[in-house]
Amino acid sequence: MPRVNYRSYEVDEMARMMRAEAEGEGKQGMLYVGNVIVNRCVATCLDFKDVRTIHDVIFQVQGGNYSFEAVQKGNVFYQRARTSEKRLAKQNLNYWRDYPAKFALWYFNPHGPCPPTWYGQPHTGQFKEHCFYEPKPGTCDSVYSG
């Protein structure tokens, strides 16, 4: 049973997002981005109370902009998903999780050292150029389930 329910078009959207956000960081980097996408889907807290599907997560608007830069700018997000990225997306959907993104709800590339917090949330680790952040203890228990 997958961590979240999904439809085939959501596997495609997630695969495109993983590629757009982290293709330069290889399979592992793309899997970490997938962790964040799935974590946002299961989180029932903070900015993610109203996103219940993979599609909702990818196209979530916060502060007047899409949450993910790849959707805002279009870049490779609008290219077709390749079979290899679809396999990675399915790995995430079917429970693959690992540090530093295992419970992360945010990531970004600061083009420098990772700050100790991001919007008040603690840094959990870094993979290549991306810094990962999970919610403060006691603020989002749902991300730790499943």
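The sequence shown begins at -18 in the working numbering and counts up one residue at a time.
We treat Cβ as the ideally placed atom computed from N, Cα and C, and that holds for glycine.
This one's a predicted model, so the numbers in the text were calculated from it and none came from an experiment.
Quick check on residue i: does DSSP put it in helix, strand or coil?
i	result
residue 106	strand
residue 36	helix
residue 162	For the chain, the structure presents residues -18 to 127; residue 162 sits outside this window and is missing.
residue 120	coil
residue 42	strand
Please list the terminal residues of the continuous alpha helix (DSSP H) segment that includes residue i.
i	result
residue 26	From DSSP, residue 26 is part of no alpha helix (DSSP H); its letter is neither H nor E.
residue -10	-11 to 3
residue 75	Segment: none, residue 75 is in no alpha helix (DSSP H) and carries neither H nor E.
Tell me which residue opens and which closes the beta strand (DSSP E) that residue i is part of.
i	result
residue 88	87 to 89
residue 114	111 to 114
Between the alpha carbons of residue i and residue j, how many angstroms are there, rounded?
i	j	result
residue 77	residue 52	24 Å
residue -12	residue 71	11 Å
residue 8	residue 120	30 Å
residue 22	residue 107	22 Å
residue 66	residue 73	11 Å
residue 2	residue 10	9 Å
residue 68	residue 115	25 Å
residue -17	residue 98	31 Å
residue 34	residue 124	14 Å
residue 26	residue 109	28 Å
residue 19	residue 96	24 Å
residue 28	residue -14	20 Å
residue 12	residue 31	24 Å
residue 0	residue 85	18 Å
residue 126	residue 80	15 Å
residue 24	residue 49	17 Å
Original post:
Taking three-plus beta-carbon pairs below 8 Å as touching, is the segment 91 to 102 in contact with the segment 57 to 70?
Top reply: no
Original post:
Given 8 Å as the limit, is there contact between the segment 29 to 48 and the segment 94 to 103, that is, 3 or more CB pairs closer than that?
Top reply: no
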